[in-house]
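A short write-up of the structure that comes next.
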Amino acid sequence: MISKYISPLVDSLLILFLSFLIDLVFGEPPDKIHPTVWMGNVIKYFKPKIKSGYPKIEKKNGILMGLLTIMLFAVPVRFGLFWIQRLFGQVVYIIASAILLKPTFALKCMKQYTIPIADAILKEDEGRARQLLHYIVRRDPDKLDKRHMISATVESIGEGTVDGITSPLFYFALFGVPGAVAFRVINTLDSMVGYRDQYHVDIGWFSARMDTVANYLPVRLTAILMVLSAFLLQEDWRGSWRILQRDKNVTESPNAGWTMSAIAGTLNIQLEKKGFYILGDDRGDLSPDHIIRALRTMELTAYLFCILIVFPILLFKMLILK
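In the numbering used here, the protein residues as written are 1476 to 1797.
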């Protein structure tokens, strides 16, 4: 009888393990079949169509676009996996679930984008570094010097630990693969329409708020685990905790400052986005090695999140079902 309740837990852990294995071996799927690219194409299609010139109407349209886009991706995943399980059995269901979960997070991808930046800076090829930065930051890399290029990269690693790894895994733990897919839609919506410029301010307000709410708890849990990672990696965990407490609310976003300040303290560096925020203490120049150390912190934090957050949630769900 107990196997009835343990089985869903084991299945979820197998799905999680297999999705990490797929990420390690294959990385991201090609753009043509990448769900995040499809999400972006759907949002691009909707965006001009929900513009009206009237703020109230645009806000309502933004809500409809957000909810409809989530449903377009999460609902087919939910019912598709249900029928795969019914028709083809548990093994195929677990494999299909892992394949669908993988594109919702990107551990290997972050390393693939940022290690070449560190290498380019190490070789003093700042032109190449700026070219690569276009893929991970919104700010204009052409206006950044070496210090601020490294800062932007480390900031992206810190923030991307949540957006790109721990948040989708958090919602996988709570709601299964459809939950992770729904989060990826929310995050993609925010990255495409969640701006405050005149064009997006009304159509994107709902998407921006959904992303803020969705990340609220995962980012705080992740920041705390970054401090633990700093301790395990023999980095400055006391500095990580101190800077986290001091600078977590410096950024305009209520979420972004948490992991970025924790990683700044971990590495004993100062991160700066000119005109917006400064995180951490100025202890000298930044080096490409700070990028590599930030990646190590990100990777360990992701694994700790699975062990200390995802697994307990899955276990709690099993006990509730029992």
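Glycine is no exception: its CB is placed at the ideal position from the N, C-alpha and C atoms.
Please read these numbers as outputs of a predicted model, since none were measured by experiment.
Give me whichever residues DSSP pairs with I1753 in a beta bridge. The residue given as residue 1753 occupies position 278 in the sequence shown. Paired residue(s): E1747.
Let me check understanding here. Comparing Cα to Cα, which of Y1752, S1728 and I1788 lies closest to Y1646? Along the sequence shown, read from residue 1 onward, the residue named residue 1646 stands at position 171. The residue with the shortest Cα to Cα distance from Y1646 is I1788.
Excluding five sequence neighbours on each side, which residues of the same chain lie with their C-beta closer than 6 Å to the C-beta of M1773? As a position in the sequence shown, residue 1773 is number 298, starting the count at 1. The beta carbon of M1773 is closer than 6 Å to those of I1632 and T1636 in its chain, skipping five residues each way along the sequence.
Backbone CA spacing between I1662 and Q1565 [nearest angstrom]: Here residue 1662 refers to the residue found at position 187 of the sequence shown. Here residue 1565 refers to the residue found at position 90 of the sequence shown. Residue identity check: residue 1662 is Asn in the sequence provided, not Ile. Distance between the alpha carbons of N1662 and Q1565 is about 30 Å.
Is there contact between the stretch 1726-1744 and the stretch 1614-1634, where contact requires at least three CB pairs shorter than 8 Å? Yes, since at least three Cβ pairs between the stretch 1726-1744 and the stretch 1614-1634 fall closer than 8 Å, the two stretches touch.
Take L1493 and list the residues in its own chain whose beta-carbon comes closer than 6 Å to its own, dropping the five residues that flank it on each side. The residue labelled residue 1493 in the question sits at position 18 within the sequence shown. Correct list, in chain order: A1573.
Between which two residues does the alpha helix (DSSP H) containing S1572 stretch? Position 97 of the sequence shown, counted from the start, is the residue given in the question as residue 1572. S1572 -> alpha helix (DSSP H) spans Q1565 to L1576.
Whole-angstrom distance between R1771 and F1597, CA atom to CA atom: Looking up residue 1597 in the sequence shown gives position 122. Looking up residue 1771 in the sequence shown gives position 296. Residue 1597 is actually Leu in this sequence, not Phe. Approximately 18 Å, taken between the alpha carbons.
Measuring straight from C-alpha to C-alpha, what distance separates P1591 and A1604? Translated into the one-based positions of the sequence shown, residue 1591 becomes position 116. Translated into the one-based positions of the sequence shown, residue 1604 becomes position 129. Answer to the nearest angstrom: the Cα atoms are 8 Å apart.
Looking at the unbroken alpha helix (DSSP H) that takes in C1584, where does it start and where does it end? Here residue 1584 is taken as the residue at index 109 of the sequence shown, counted from 1. Taken as a continuous stretch (DSSP letters only), the alpha helix (DSSP H) holding C1584 covers L1582 to L1597.
Inter-residue Cα distance where the pair is W1513 and V1694: Within the sequence shown, the letter at position 38 stands for residue 1513. Within the sequence shown, the letter at position 219 stands for residue 1694. Each residue's alpha carbon lies about 26 Å from the other.
Considering only heavy atoms of the ligand COA, does any lie closer than 8 Å to the CB of G1515? Ligands in the displayed structure: none, and consequently the ligand COA is not present.
Alpha helix (DSSP H) runs contained entirely in the stretch 1593-1681, provided each spans 4 or more residues: Entirely contained in the stretch 1593-1681, the alpha helix (DSSP H) runs reaching 4 residues are, in chain order, 1601-1608, 1621-1636 and 1642-1668.
Proximity below 9 Å, CB of G1669 to CB of A1683: For the purposes of this step, residue 1669 is identified with residue 194 of the sequence shown, where counting begins at 1. For the purposes of this step, residue 1683 is identified with residue 208 of the sequence shown, where counting begins at 1. Against a cut-off of 9 Å, the Cβ pair of A1683 and G1669 comes out as a contact.
Straight-line Cα distance separating Y1568 from L1700: Position 225 of the sequence shown, counted from the first residue, corresponds to residue 1700. Position 93 of the sequence shown, counted from the first residue, corresponds to residue 1568. Answer to the nearest angstrom: the Cα atoms are 31 Å apart.
As assigned by DSSP and simplified to three states, the class of D1711: Sequence index remark: in the sequence shown, residue 1711 carries index 236 (1-based). D1711 falls in the coil class under three-state DSSP.
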